[in-house]
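Enquirer:
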Amino acid sequence: MGSADSFADRVGQAAPDLLIAGAGVAGLWLGLKAAREGLSVLIVERDRIGAGASGGFLGALMPHSPDRWNGKKAFQFAALVDIESEIARLEAETGLECGYRRVGRLLPLANQQARRTALDHVADARANWGGRFGFEVGQTPDKHDWPNILWAPHGLIRETLSARLSPPLLVAALAARLSALPNVSLCEGVCVNAIDVSSDLAHLSNGESIGFGHLALASGVGAFSLVAQAAAQPELTLGGPVKGQAALLDADAPADLPLVYHDGVYVIAHDNGQVAIGSTSEREFDQSTTTDERLEALIKRARKLCPLIRDAPVVARWANVRPRAIGRDPMLGPVPGAPRVLAMAGGFKISFGIAHRMADFLVAEMTGGPGPDLPESFSVGAHIGKARALNARPQA
Ligand SMILES: Cc1cc2nc3c(=O)[nH]c(=O)nc-3n(C[C@H](O)[C@H](O)[C@H](O)COP(=O)(O)OP(=O)(O)OC[C@H]3O[C@@H](n4cnc5c(N)ncnc54)[C@H](O)[C@@H]3O)c2cc1C
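Position in the sequence shown counted from 1, then plus 786, gives you this note's numbering.
1. Work out the CA separation of R887 and E879 for me, nearest whole Å.
2. Would you report the Cα separation of A820 and H989, rounded to the nearest angstrom?
3. Mind checking whether the beta-carbon of R832 lies closer than 7 Å to any heavy atom of ligand 1?
4. Between the C-alpha atoms of I738 and S1137, what's the straight-line distance to the nearest angstrom?
5. Assuming F861 and P849 make a contact with CB atoms under 8 Å, what is their CB distance in whole Å?
6. Rank S985, G1167, A1102 and V1007 by C-alpha distance to the C-alpha of H1000 and give the top, closest one.
7. For the beta strand (DSSP E) containing E945, name the first residue and the last one.
8. Excluding five sequence neighbours on each side, which residues of the same chain lie with their C-beta closer than 6 Å to the C-beta of A966?
9. Can you list, in chain order, the stretches of the beta strand (DSSP E) that have 3 or more residues and sit fully within the region 948-989?
10. Got a sec? Which residues, its chain only, sit under 7 Å from V908 by beta carbon, not counting five neighbours each side?
11. Quick check on the DSSP output: the alpha helix (DSSP H) that includes G1167 runs from which residue to which?
12. On the criterion of 16 or more Cβ atoms from any shown chain inside 10 Å, does E1079 qualify as buried, or is it exposed?
13. Is any heavy atom of ligand 1 found at a distance shorter than 7 Å from the C-beta of R1114?
14. Say whether the region 905-919 touches the region 950-966, bearing in mind that this needs 3 or more beta-carbon pairs closer than 8 Å, one atom from each stretch.
15. Quick check: what's the CA-CA separation for S871 versus H1142?
16. Put A801 into one of helix, strand or coil per three-state DSSP.
17. Pull up the distance between the alpha-carbon of G1064 and that of L892, whole angstroms please.
18. Within its chain, find whatever has a CB closer than 6 Å to the CB of P894; leave out the 5 residues flanking it on each side and keep chain order.
19. Can you look up S789 in the DSSP assignment and give me helix, strand or coil?
20. For ligand 1, any of its heavy atoms closer than 7 Å to the Cβ of A809?
21. If you drop the 5 nearest sequence neighbours on each side, which residues of the same chain put their C-beta closer than 7 Å to that of H940?
22. Is L858 near ligand 1, going by C-beta to nearest heavy atom under 7 Å?
23. Less than 7 Å between C-beta atoms, sequence neighbours within five positions excluded: which residues of the same chain meet that for A1098?
24. List the endpoints of the continuous alpha helix (DSSP H) containing L895.
25. Under three-state DSSP, which class holds G842?
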């Protein structure tokens, strides 16, 4: 990865077809997908690859509930189905493993109402998941310590669509593939500070300006203000940070254990026997990357939920901010009034499962090729509309 002094030389032209701001899971998948279509790609990263929310270790790929089906759920479902072959291709290209496995998920049912709702969802899953994945309501866990049978007094949901991957292994594989492609350059320590949409120029933190065919804003929490600026509405708040904290335990756990999810606690056994625990969710915080007593409380709950990890030592604690767009849905596509500027932000809690498909949409936008349908609620215009409506609401 080189310095920012010779962008034009490094990409072989004065302006890349695609300039990407941000080297998290979103920017990396987009760079790869665009390069495969023959576009010249330059990724500029403010800090280093995976420095943002993508630098954690959870990697849960969990579907939305199968009821009240809508475009967002359909987009995510297709992405969760696709990801298996996407990862297989990346692993074949790089010879690197991504720690992916479709292990399914267990959700303990704490009361009779939760069980009734779960039973209703059996038919929803059959209708909306195309009959390809299981969703059933059982009486007891197969193993009494995964999860604790005492936490499942009304049984549990067993579904087979959920999967997990290792975020650091995926990020490393994407970065390795990108660095092997002749039409891709990646510069760390450089960020997009401002955009001149009238002349398709990005002003960088190193004092240079660079032209672009398209500019993708995949800069996590930082993308929202750049999108607002490109839309000539810098006063709008299109999204913001939600802090999350997680822990990694050395547990010698079997790699085929399903994910366990209960009341905000996720427990995920990875290929190397380590178990990841997530996540807190904080709208208000002082420090974005420090952990505190909220994480310790979460670890305690997780140990009770899954007694297999009762005594497992914590080997890492981690925190960062998730990009949450104003309407909760991802923000994807051209910016109104600036069609060469593309938003790729707001993946919030599900980016690892959908980033490859978000990238497919943007590549289709640029090349005119076939791509996935975009739910209207993902469009930048929809998010701007929500932000305006909120701004217009009378203050109490
Ligand atoms: C505790 C926790 C647990 C999570 N668990 C899961 C999970 O299990 N499954 C899941 O799918 N998701 C999970 N998430 C969410 C997921 O991590 C994020 O949605 C995802 O990483 C966002 O990726 P991104 O590429 O959009 O943003 P980021 O990873 O934040 O990347 C943005 C990058 O842009 C760079 N940047 C910022 N501004 C600029 C600029 N102006 N120019 C250039 N570069 C810039 C940043 O340095 C950063 O590297 C979790 C998040 C947290 C915090």
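Each residue gets a CB set at the ideal place from its N, CA and C atoms; glycine is no exception.
Here the structure is a predicted model, which means the values were calculated and not measured.
Expert: On the basis of the supplied data:
1. 18 Å
2. Roughly 22 Å separates the two Cα atoms.
3. yes
4. Residue 738 cannot be examined here, being either before or after the span of the chain that is shown, 787 to 1182.
5. Contact between F861 and P849 does not hold, since their C-beta atoms are separated by about 11 Å, which reaches or exceeds 8 Å.
6. S985
7. L942 to E945
8. Non-local C-beta neighbours of A966 in its own chain, meaning closer than 6 Å and more than five positions away in sequence, are absent.
9. 970-974 and 978-982
10. Taken in chain order, the residues that qualify are F921, E922 and V923.
11. Where G1167 is concerned, the enclosing alpha helix (DSSP H) stretches over V1166 to A1178.
12. exposed
13. Every heavy atom of ligand 1 is 7 Å or more from the Cβ of R1114, so no.
14. The region 905-919, when compared against the region 950-966, does not touch it at the 8 Å Cβ threshold.
15. So the two alpha carbons sit approximately 11 Å from each other.
16. coil
17. 15 Å
18. P933, W937, A938, L942 and H1048
19. Its pLDDT being 45, under 50, S789 is placed unreliably by the model, and nothing is read from it.
20. Yes, since a heavy atom of ligand 1 falls inside the 7 Å radius drawn around the Cβ of A809.
21. Excluding residues within five positions, the ones whose Cβ falls inside 7 Å are L895, A896, N897, Q898, A900 and R901.
22. For clarity, residue 858 is Lys in the given sequence; the question names Leu instead. Because no heavy atom of ligand 1 lies under 7 Å away, the Cβ of K858 does not count as near it: no.
23. L1035, D1036, A1037 and V1061
24. From DSSP, L895 is part of no alpha helix (DSSP H); its letter is neither H nor E.
25. Looking at G842 - three-state DSSP - the assignment turns out to be coil, as it is neither helix nor strand.
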